[in-house]
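Colleague: Encoded as structure tokens, here's the structure I'll be asking about.
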Amino acid sequence: MMCIQKYEHTIYASYIGYITQAIVNNFVPLLFLTFASDMQLTLDKITLITTVNFAVQLLVDLLAAGFVDKIGYRASVVSAHIFAAAGLLGLSVFPAFFPSQYTGLMTAVILYAIGGGIIEVVISPIVEAYPTEKKEAAMSLLHSFYCWGHVAVVLLSTLFFISFGIENWRILSCLWAVVPLLNCFYFLIVPLYPIAAGHEKMSLKGLFRQKIFWLLMLLMVCAGASEQAMSQWASAFAESALNVSKTMGDLAGPCTFAVLMGTARALYGKYGDKIPLRYAMAGSALLCVTCYLITVFAGSPLFGLIGCAACGFTVGIFWPGTFSMAAAALPAAGTAMYAFMALAGDVGCSAGPTVVGLIAAAQRDDLKAGIAAAIVFPIIILIGIQFLRKKKS
Numbered sequence: 513m514m515c516i517q518k519y520e521h522t523i524y525a526s527y528i529g530y531i532t533q534a535i536v537n538n539f540v541p542l543l544f545l546t547f548a549s550d551m552q553l554t555l556d557k558i559t560l561i562t563t564v565n566f567a568v569q570l571l572v573d574l575l576a577a578g579f580v581d582k583i584g585y586r587a588s589v590v591s592a593h594i595f596a597a598a599g600l601l602g603l604s605v606f607p608a609f610f611p612s613q614y615t616g617l618m619t620a621v622i623l624y625a626i627g628g629g630i631i632e633v634v635i636s637p638i639v640e641a642y643p644t645e646k647k648e649a650a651m652s653l654l655h656s657f658y659c660w661g662h663v664a665v666v667l668l669s670t671l672f673f674i675s676f677g678i679e680n681w682r683i684l685s686c687l688w689a690v691v692p693l694l695n696c697f698y699f700l701i702v703p704l705y706p707i708a709a710g711h712e713k714m715s716l717k718g719l720f721r722q723k724i725f726w727l728l729m730l731l732m733v734c735a736g737a738s739e740q741a742m743s744q745w746a747s748a749f750a751e752s753a754l755n756v757s758k759t760m761g762d763l764a765g766p767c768t769f770a771v772l773m774g775t776a777r778a779l780y781g782k783y784g785d786k787i788p789l790r791y792a793m794a795g796s797a798l799l800c801v802t803c804y805l806i807t808v809f810a811g812s813p814l815f816g817l818i819g820c821a822a823c824g825f826t827v828g829i830f831w832p833g834t835f836s837m838a839a840a841a842l843p844a845a846g847t848a849m850y851a852f853m854a855l856a857g858d859v860g861c862s863a864g865p866t867v868v869g870l871i872a873a874a875q876r877d878d879l880k881a882g883i884a885a886a887i888v889f890p891i892i893i894l895i896g897i898q899f900l901r902k903k904k905s
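Set out below in structure tokens:
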């Protein structure tokens, strides 16, 4: 088989890997109402789609600490893309061949969730092992491609639905499956550096004894929560604040949020060597708190929406930045650390929107009250960064 010797191609394949994860996480939610009408699904069954996707990825994060090192990173990342492609293809095929359409749909969701979970665990250490002195910048740029993938999924899917009709969503699902399918072959031929090279590998027990590991886990939970608490409610906020259509709400809310989040990651990827990571993280946390406050207390709905969208820029480096700090603080931890960090991030991605929703419901569906409660997450990041600085000094 032909092999590519230049390591730049490893980075390119990794970028496409994060675009694949964006497709896995953001394509199906665009079809929830279509599924409800075409398959006569109730709201609880629609909700279960997201729950199962999230739960499977959490389970894979947990199990990956044990199986990735055994089968190797190349086998893991190739398998991840095969699962993702199978799931996306299955969306268009399985409902017609299973005893019930819903069973076929959920089978496809489980398959692509397995792929998404593995991608989340293995891509970051693959890039972290890449021989460059600008590791924080490289990690930030890598994670920006999840944002660009998210934007592409929303915009291209919307364009497809307008041009060919949403009833042809099965064709689009097959087209999106081409991305992980081709990247699967790309990862078969690119070179991979060994993970945690030059260090004696730390045991799982040894990792759990490190106090800094638990602090970084807390930061990772808050990184995911800070991001998703606003992102998941951005569309609803846009619609309620400006009274626009669902399509415009998606573009003004989560799409703009994703664009700004990707911009922050790309900018740090280019100029990150000029700004120490802990200063960038602390500054972003402070700005994030400010954006939350503007969203909640702005007298004008337009300024509230600006605060909501700008929050995407401020949370941009939280996730990749925490990964980079963990890699620098615990270089011998290897796969286990990345798996548990991904697990913590996913817990935060669930906890953030849940806190907003529960508080809002308790306050008679006051969405601003829910968002106000979520300010605690970037505040914890700001405090945690100070603890990390003291440990290093």
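Going left to right, the sequence shown walks through residues 513 to 905 as my numbering numbers them.
Glycine residues also receive a C-beta, built at the ideal position from the N, C-alpha and C atoms.
Among 726, 542 and 671, whose alpha-carbon lies nearest the alpha-carbon of residue 850?
Modeller: 726
Colleague: Taking Cβ positions, are residue 765 and residue 746 nearer each other than 8 Å?
Modeller: yes
Colleague: Put residue 519 into one of helix, strand or coil per three-state DSSP.
Modeller: Reduced to three states, the DSSP call for residue 519 is coil.
Colleague: Go ahead and pull the three-state DSSP assignment for residue 723.
Modeller: Helix at residue 723.
Colleague: Since residue 500 and residue 665 should fall inside the 8 Å C-beta cutoff, what is the C-beta to C-beta distance between them, to a whole number of angstroms?
Modeller: A query on residue 500 cannot be resolved here, the shown segment of the chain reaching from 513 to 905 and no further.
Colleague: Please state the DSSP three-state secondary structure of residue 777.
Modeller: Note: residue 777 maps to helix in three-state DSSP.
Colleague: Given a cut-off of 8 Å, decide if residue 865 and residue 744 are closer than it, judged by their beta-carbon atoms.
Modeller: yes
Colleague: Could you check how far apart the C-beta atoms of residue 893 and residue 797 are, in whole angstroms? I think they sit under 8 Å.
Modeller: 4 Å
Colleague: What is the DSSP secondary structure of residue 890, counted as helix, strand or coil?
Modeller: Correct three-state label for residue 890: helix.
Colleague: Since residue 599 and residue 627 are thought to touch, with beta carbons under 8 Å apart, how far apart are those beta carbons, to the nearest angstrom?
Modeller: 6 Å
Colleague: Which one of 815, 716 and 630 has the shortest CA to CA distance from residue 584?
Modeller: 630
Colleague: Under a Cβ-count criterion, where at least 16 other Cβ atoms within 10 Å of its own Cβ denotes burial, should residue 811 be classed as buried or exposed?
Modeller: exposed
Colleague: Quick one: grab the DSSP three-state call for residue 705.
Modeller: coil
Colleague: Using beta-carbon positions only, say whether residue 693 and residue 597 come within less than 8 Å of one another.
Modeller: yes
Colleague: Straight-line CA distance for residue 686 to residue 734?
Modeller: The alpha-carbon atoms of residue 686 and residue 734 are separated by roughly 35 Å.
Colleague: Within its chain, find whatever has a CB closer than 8 Å to the CB of residue 551; leave out the 5 residues flanking it on each side and keep chain order.
Modeller: Excluding sequence positions up to five before and after residue 551, its CB lies within less than 8 Å of the CB of 607, 613, 614 and 617, all in the same chain and listed in chain order.
Colleague: Report the option in 633, 680 and 593 whose CA atom is closest to the CA atom of residue 605.
Modeller: 680
Colleague: Using three-state DSSP, classify residue 842 as helix, strand or coil.
Modeller: coil
Colleague: Specify, as a first and last residue, the run of the alpha helix (DSSP H) that residue 599 falls within.
Modeller: 585-609
Colleague: Classify residue 878 as helix, strand or coil using the three-state DSSP reduction.
Modeller: Three-state DSSP puts residue 878 in coil, outside helix and strand.
Colleague: Need the endpoints of the alpha helix (DSSP H) that residue 613 sits in, please.
Modeller: Note, residue 613: alpha helix (DSSP H), 613-640.
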